[in-house]
Structure formats: C-alpha cells, structure tokens
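Peer 1: Here the numbering used here is used: the first residue of the sequence shown is 596, the next is one more, and so on.
We treat Cβ as the ideally placed atom computed from N, Cα and C, and that holds for glycine.
Only a predicted model underlies this, so the values are computations on that prediction, with no experimental measurement involved.
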Amino acid sequence: LTDIQLAYDWVPAAMLDKTQRELLSPGCHGTYFDPTGRFAEQLANGVNPDQLPLLVEADESVVDQGDTAELSGNVKVTQGARLIGADVMRYDLDKQVASLLNSVTIRNPGLLIRGSRAEVSTTEYSAFFEDAMFVLHEAGLRGGADKIRQTSPTSIELRGGTFTSCEPGDNSWMLQGEKFAIDTASNKGEARNVQLKIGRVPVFYFPYLSFPVGDERQSGFLFPSLSYSDTAGLDFAQPYYLNLAPNYDLTVIPRYISKRGAMLELEARHLARSFSTLTDVAVLPNDRGGLDPDVERLINDGTLTEEQALPYKGESRWLGHLSQVGGTSDSAWQTLIDYTEVSDPDYFRDLGTTSFTAQSNTYLSQSLFAGYQYKNWRLSALAQDYQVLLYDVDDPYRRAPQINLNGGYQAGNFGLKMSHDLTRFDHADDQWRNGDTIIKGARLTTDYRVNWVNRRSWGFFVPEVGYQTLSYQLDEDTISEDADSAPTLAAGQGSIDMGLIFDNTGGRLLQTVEPRLYYLYRDFADHSELFNLTEDGQFVNFDTSERTFSYSQLYRDSRFAGHDRLDDANRLTIGLTSRWYSNESGREVFTASAGQIFYYDDRRVGIAAEVDTEDYSELAADIRFSLGEQTSIFASAIYDEENREFIRGSGGINFATENYRNMANLAYTYVKDRGQVTTNRGDVDQADLSFLTPLSKQWYLMGRGNYDFTNKQELETFLGFEYNNCCYRLRFLARRWLDSNIANLLDNEDALYDSGVFFEVQLKGLGSSGAQVDSILSDSIIGYREREKLLN
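Here it is, written out as structure tokens:
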C-alpha cells in the first residue's frame, strides 16, 4: 500500500477477494475500509461507548505536578470503536483537554480525521484540527481543510475545505469552499461560498449548497443540469429541493433555454397512509421558436414559411400532470388518477422535461379509476380521455364512464366467470376529420362462461361453454330517424382446448413434443342493426379493431379487440410445440411452435360488412432460443400458403452478460403491404442494431443504427462513448434522427433529419448534468435500464 492509500484507509481492488470486488462500484479501483467495523455488533446491540473501558498506550509518559500528563511515542487512546492517536499528547487533567501533536488521528465508526495538530475535549467530546483531512467510509467521500472542528462523534465542520468522491490521488472534481458542515447521523451536508472545480478549473459557484451524505432527503440546491442542442441552444436548469415534511416535498426547477426562453418546472410529492400523489407543472410563457441553422436556411430559401417552421413562436407552452394511487395491499378499495395534458403535440419533442417522463409519445392518458373487491366480486369505474400527440389523427372516444362488474366461482375443477361492462362513449366533436358523423351512445356487454379445467403432467383438457350479449342505447341526435337506437345482439359459444405432452429425457436436456387442438364455435349474431345508422352510412364502432394475426391469435376466442362485435366462429386450430429444458437448472432452453386455423364456415361478422371466405388461416410459427438469463434468439413468421409468400416476420438476438457489461441487440421486422392499411410507405422492412461494449475497464462504446429498407432512409443513428470511474461518469453521443414534424412539410429527403451532440457529466456523490443521454440510451438499447439499476 502507498502512503496516500494508508492515510485514507483505501484498499486496492487487487487486495480484495472476489466477493468484495463484485461489490465495487463500476470503474472503482478499490474501496475505503473502516477498521472500526469489527465493533459493528456492539453498536447494533446498543452498547454505550462511554461505558466501555478506556485503554491508553504510549512509549513514554510523564505527569507534571498532578495537573498535566504528557504521553509520547505511538500514543493510542481507545474506547471500543473510538481511537485517538498521535506522536505526542499533553492532557490537562483540570480542563480535561488533550493537545495532540504530529500524526494526529481520530477515529469513530465511519469517520476518520487526520491532522498535524489537534485539541480534544473529553467532556464535550469535541475536537479541533489544523491542516487536516477526513474520510467518510460508508459514503465514499473524502476531503481536507485548513481547520476541522468535530462537534460530535458524527459531525464535523470544515474551514477552507475541499470535498470529493474521487479515489485518493485523483482530484478530477472537488468542491472547494469557505465552510462545510457534515453530519453522518442525519446524512446531511451543507456548504457556503463553494466552487465546483473540474481539475483545477472552477466551473460553478454556489453561495449555498446542500448535499446528501447518504440517502436522507433534505432541502437545498440540487446539482444543476446543462445541455446544448441546435434547436434549444443552451439549456440550463437549477433545481431547488424543499423537504417540507417527512411525507411531502417540493422541487422547484427554474430553467433557461437560450433559443426558447425562461421557464419554470415544479414537482410535488405527497405520501399518506393509503395513497401517494405526484404533481408536475411546467410553464414556458413566451416561446422564442427554437430556430436551428437548417430550419433557418429553409425559411430563407422560401421552402418553408416562418409560421410553418416555427409554429409556436410567441406562444405560451405548458405541461400539467397529476398521478395518485390509492389503496393498500390489504385494502378492498383501490383508486387511481392519471392525468397529463400539454399545450401542444410537440411539447415533449421541443422541450422535454427535467423530471416528468411521458409513458407514450403518441397520446397522453387522462383517467380516473376506482375499484372495490368483495369476496368473489370486483366492481370498478373508469372515466378516461386521451390527448393525441399526432397530427391528422382523430381523437378517440372518451369513456364517460365505464363500469365493470366481474365475478367468479370455483368448485373443484369447475369454474364460473361472469363479466358485465357498461360504458358511455362520448366525443367533443360531431364529425370525424373526413366529415363522417360521429355516433355517440352507451354500450352494455355481458359474458358468462362455465369451464372444466383438467390438467395433468401428460396433458390437459378444458371444455367451456358461454353466452355473450351486446346492447346499445345510441344518442338519437347522432343517427337517422329510422335507425334503431337500441339494438341488441346475443350469441352462445362452446370451445374445447386440449393437448398432450410427450417427453424424452436423455443426456443434459429434456425434450417435449406437445400437440394441441383448440375448437371454437360461436353462433352467428345478425349485426345489420349496427350498420347504416346515419345518412352517410356510418356504423357503430366505439373501440373495436381486428387483431393482427400472429401465433398468439391461434388460441384466442375472438378475432377482435374491443366489444362492438360478437364474431361468429366454427373453427379448429391445430398446433405443435416442442420444448427443450436443461435437466440441471430446469431452464427452458429452446421452444419452437407452429399452428394454423381451419375454418368450417365463412366469417360473416366484420368491422364493416365484409365477409371472410378463406378456408384456413396463414401458417404461424414462433421460435425462442435461450442462451442464458439475459441472452436469447427469437423469430416469428406468418406464411401465406395460397400466395406462397411471407407476409409478416420478425427476428433477432438480445445479448447481455450477467452484469450487463456487454450488450448487443439485433432485430429485423418485415410486414408486407397488402392494402389493408391506408399508407404510402409500402412494406415495413426495417433493421435495428444497438450495442454497448467495454473498451477497457472504464471506457465503453455504444451505438445504434435503425434503417428502413423500403424507403432507403435512416430512422436513427448514434455513436457514443462512456467513461465511468469511482469519481465521475462522462457520456457523449453524436446522433442523427428523422424529424417527423419537418418531414411532413418537405419533399427534400436531405432536410428530413435532425442531428445533435449530447454530453452528460455525472459527478459521483453530487448528481448529473442532464437526463437526455440516459433517456436516449434507455429507449434504444434493450438491457440498458437494467444496467442502470445495477449501477445505482
């Protein structure tokens, strides 16, 4: 060990065993070792250190006239986990103050202080050091100061001090300030007149800074975020955290975007015994437009007008979000509020947020839910609307409200299921964008089923019978006078799902062969009363669409998603699955499945009035090959036998090492354009490659390429690197992506792209300079979120 490592209780990774090395933070070459850890059991059992025996060691000792005692040469005073050490100690018996000279050391659990000289009061348990350094072992922090005052076993004050989480000998970043106050008991630190230095260069000044020494929440300035892009310019945010009470807090985030203006974001959290609430608000009073050089060129050459390129210039832009979850694990009641609204569809694309993350980039949910469970029954109510974030797309119906009553009973292998759904479908408009009439009204559906589930190790046999009804009460002012405003439909059904499992144990793998038959019959219900309800020939369809055919569709009891159709059925599915299991671990190693549906009658019920006369479905196949817990190969395909062509397929590989240090993902997707969807894009034919790989212990390379073969264009490409050590973390990305907003306005393919450079700095123990890079990587590289959870 070097002198500096010994001084800071630093143990290199090479001296740690395998288990200890696995606990190191990524990029760290060692860890701080607290020798007082052997007293952890005493401290955990509540032993008072003052009641432990006091042991004194020294090479020489002299007592002068009974008032002063002087110890010299390897002086050590220990009391349990406490230690005082020096070359010379003079102890005033009257004042009970010890003066320490040369190689002064004071230890408490989790805290080490060294200095050239010190004075220690044994009655007040305080100490004063000059020219000193300190280590907080558990927090992984160290520092130094001209003067350090220890006011309690867990509290120190620094004058003219420094503070960093870097390894001993590495001062890549540090806080240097006039005064620090650190309390390991409350896990709180405060500093005044502080500079943040990167190397020797000051980059930020804080008149006051509050920082955590552990996981405890506390009021104070958080580390600011800083980024730059072509459309936004400089983006700076300085959060201030208010710990208002143990169960609620507020974060105030003033933010300045040089090409858009000043804005304010707020995040409030409240935790009660039976519910939790999160509120986000953001306001940009006057958007400057966010002009980047490419858009400016398009305006100057007349390709776009300023109104087209900068549609929000001079506008106020805002975000509001409320999320509340009510109920406990043992409560019969559950409630949920999930409401998000923004000023315009491009809010997240243009501004993003420093705290709130949208769950979808196509719509925002605005819902209120309440549910109650009583024995075998569950009653729930939902009111839901959406804000669509796409252009030229109709808003969906809102549910105002939807009431569900579901129940079930089990008697041996027999089961009874009862479902009831009453929904009012409303809309703010009277016509769709194409001018068609919007039909409004209420819908009641019921679904009763009885089944007998018989499963054995060699197979299963599950017959089921059921009866469904579909009723409407349509608003008469939205349909023709001669249309039926209260149509009612009903259909009975029966099904048999059965399969056998043959296995062959040999060697290291167990193989199974599993043939399966699924027969479904449902009566034809005449849907004619649901069609031609308006003068322009509209039909009822509140929330229903035909499912995209896939392997999972083989064994579904409906070809529709939604409840506006009772589909007729007389069909048989024949399928075969083979699995391979590891005899040692029981893990499923390989699965291959294929199947096809054979129809005995035409399907007379459709979303519109179309009839499907095919005698059999496409052939569906699915393959999964597991190479480990985080690595798999997958493929699926839909094959049209009649036309002898693949109409849909996907495949790829997801690879990751055990600790997600290496990751690679390759995916390919193909969907043939069969004219069923209105599009001018043709076939979907895309490949997506993403990866993260180490170049060394601390350097990582990452990238993504997403390409559209049909349109011969990139969808997104980026390449970047990460440097991660015990002290700080740097991430850099150069990115090019399709700008869907401008693309809709232009014919020039070269002008469809945005490009940018993203840089993020995380100083360990302080915070990050932004979340944009993290968001891009998490959305682009499968496994990246799991890696971040391990790192944090």
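Taking the C-alpha atoms as reference points, what is the distance between Y934 and M1093?
Peer 2: 44 Å
Peer 1: Apart from the five residues on each side of it in sequence, which residues of its chain come closer than 6 Å, Cβ to Cβ, to G1134?
Peer 2: For clarity, residue 1134 is Phe in the given sequence; the question names Gly instead. The residues are L1125, F1126.
Peer 1: Please state if the CB of Y1348 and the CB of E1309 are separated by a distance shorter than 9 Å.
Peer 2: Yes, Cβ-Cβ distance for E1309 and Y1348 is below 9 Å.
Peer 1: Where do the ends of the beta strand (DSSP E) carrying I932 lie?
Peer 2: 928-937 is the extent of the beta strand (DSSP E) around I932.
Peer 1: Going by Cα to Cα distance, which pick from A1262, Y1323, Y1318, Q1293 is closest to N1301?
Peer 2: A1262
Peer 1: Suppose contacts are defined by Cβ-Cβ distances below 9 Å. Is W1027 in contact with D1070 by that definition?
Peer 2: no
Peer 1: Roughly how many angstroms lie between the CA atoms of T1273 and L1065, to the nearest whole one?
Peer 2: Confidence in T1273 is poor, its pLDDT being 41 and thus under 50, which makes the residue's placement unreliable; the coordinate value appears in the next sentence. Between T1273 and L1065, the C-alpha separation is close to 30 Å.
Peer 1: Using only CA atoms, which one of F870, V1060, G735 lies nearest to T923?
Peer 2: With distances taken between Cα atoms, T923 lies closest to F870.
Peer 1: Report, in whole angstroms, the separation of the C-beta atoms of G738 and S767, which I expect to be a contact under 8 Å.
Peer 2: 14 Å between Cβ atoms; not a contact.
Peer 1: May I ask you to report which of helix, strand or coil DSSP gives E725?
Peer 2: strand
Peer 1: At which residue ranges does the region 627-714 contain complete beta strand (DSSP E) runs of 3 or more residues, listed in the order of the chain?
Peer 2: If we require 3 residues or more, the beta strand (DSSP E) runs fully inside the region 627-714 come out as 650-652, 655-659, 663-674, 677-687, 692-703.
Peer 1: Which residue or residues does DSSP assign as beta-bridge partners of H916?
Peer 2: D875, T935
Peer 1: Output yes or no for whether 9 Å exceeds the beta carbon distance between P834 and S820.
Peer 2: The Cβ atoms of P834 and S820 sit closer than 9 Å to each other.
Peer 1: Drop a sphere of 10 angstroms on the beta-carbon of E1344, count the other beta-carbons inside from all chains shown, and report buried for 16 or more, exposed for fewer.
Peer 2: With a pLDDT of 48 at E1344, under the threshold of 50, the modelled position of this residue cannot be trusted; read the value that follows with caution. Exposed, since its Cβ has fewer than 16 Cβ neighbours within 10 Å.
Peer 1: Measuring CB to CB, does I1376 end up less than 9 Å from L1290?
Peer 2: no
Peer 1: Would DSSP call T597 helix, strand or coil?
Peer 2: coil
Peer 1: How would you label D1163, buried or exposed, when you count the other beta carbons within 10 angstroms and need 16 or more for buried?
Peer 2: Buried is the call here.
Peer 1: Which partner residues does G1277 have in the DSSP bridge list?
Peer 2: Answer is none; G1277 lacks a bridge partner.
Peer 1: From this set, I1034, D1016, E1179, W1047, which residue's C-alpha is nearest Q1063's C-alpha?
Peer 2: Relative to the Cα of Q1063, the nearest Cα in the group I1034, D1016, E1179, W1047 belongs to D1016.
Peer 1: Starting from the C-beta of T1083, find all residues in its chain whose C-beta is less than 8 Å away, skip the five residues before and the five after it, and write them out in chain order.
Peer 2: T1064, L1065, S1066, Y1067
Peer 1: Compare the Cα-Cα distances from R1324 to each of R1117, S620, T718 and report the closest residue.
Peer 2: S620
Peer 1: Could you tell me whether the Cβ atoms of E725 and A734 are closer together than 9 Å?
Peer 2: no
Peer 1: Given a cut-off of 9 Å on the beta-carbon distance, is the pair V1352 and R1330 in contact?
Peer 2: Yes, Cβ-Cβ distance for V1352 and R1330 is below 9 Å.
Peer 1: Just to confirm my understanding: we take L1167, look at its own chain, exclude 5 residues before and 5 after, and list those with CB closer than 6 Å. What are they?
Peer 2: Take L1167, set aside five residues on each side of it, and the residues of its chain with a beta-carbon closer than 6 Å to its own are Y1114, F1193, in chain order.
Peer 1: For the alpha helix (DSSP H) that R616 lies in, which residues bound it at each end?
Peer 2: 613-617
Peer 1: Looking at the secondary structure, which residues open and close the beta strand (DSSP E) in which E862 lies?
Peer 2: 856-866
Peer 1: Assuming the contact rule is C-beta atoms closer than 8 Å, G1190 and L1149 should be a hit. Round their C-beta distance to whole Å, please.
Peer 2: 4 Å
Peer 1: Just checking, does the region 1221-1231 make contact with the region 1242-1258 on the three C-beta pairs under 8 Å criterion?
Peer 2: yes
Peer 1: For the putative contact between I852 and A827, defined by C-beta atoms under 8 Å, what is the C-beta separation to the nearest angstrom?
Peer 2: 5 Å
Peer 1: Once the 5 residues before and after L886 are set aside, which same chain residues still bring their CB inside 7 Å of it?
Peer 2: Setting aside the 5 residues that flank it on each side, L886 is surrounded in the same chain by K854, L905, each with a C-beta closer than 7 Å to its C-beta; the list follows chain order.
Peer 1: Can you tell me which of G1378, L1328, W1294, L1314 puts its alpha carbon nearest to the alpha carbon of C623?
Peer 2: The candidate whose alpha carbon is nearest that of C623 is W1294.
Peer 1: Assuming F1137 contacts R1038 under a Cβ cut-off of 8 Å, what Cβ separation, rounded to an integer in Å, is found between them?
Peer 2: Between R1038 and F1137 the Cβ distance is about 6 Å, and since that is below 8 Å, they are a contact.
Peer 1: Quick check on N788: does DSSP put it in helix, strand or coil?
Peer 2: strand
Peer 1: In the DSSP assignment, find the unbroken beta strand (DSSP E) run with Y1348 in it and report its ends.
Peer 2: In this chain, the beta strand (DSSP E) harbouring Y1348 covers 1348-1358.
Peer 1: Kindly identify the DSSP beta-bridge partner or partners of F870.
Peer 2: G921
Peer 1: Is the region 937-946 touching the region 977-984, taking contact as three or more C-beta pairs under 8 Å?
Peer 2: yes
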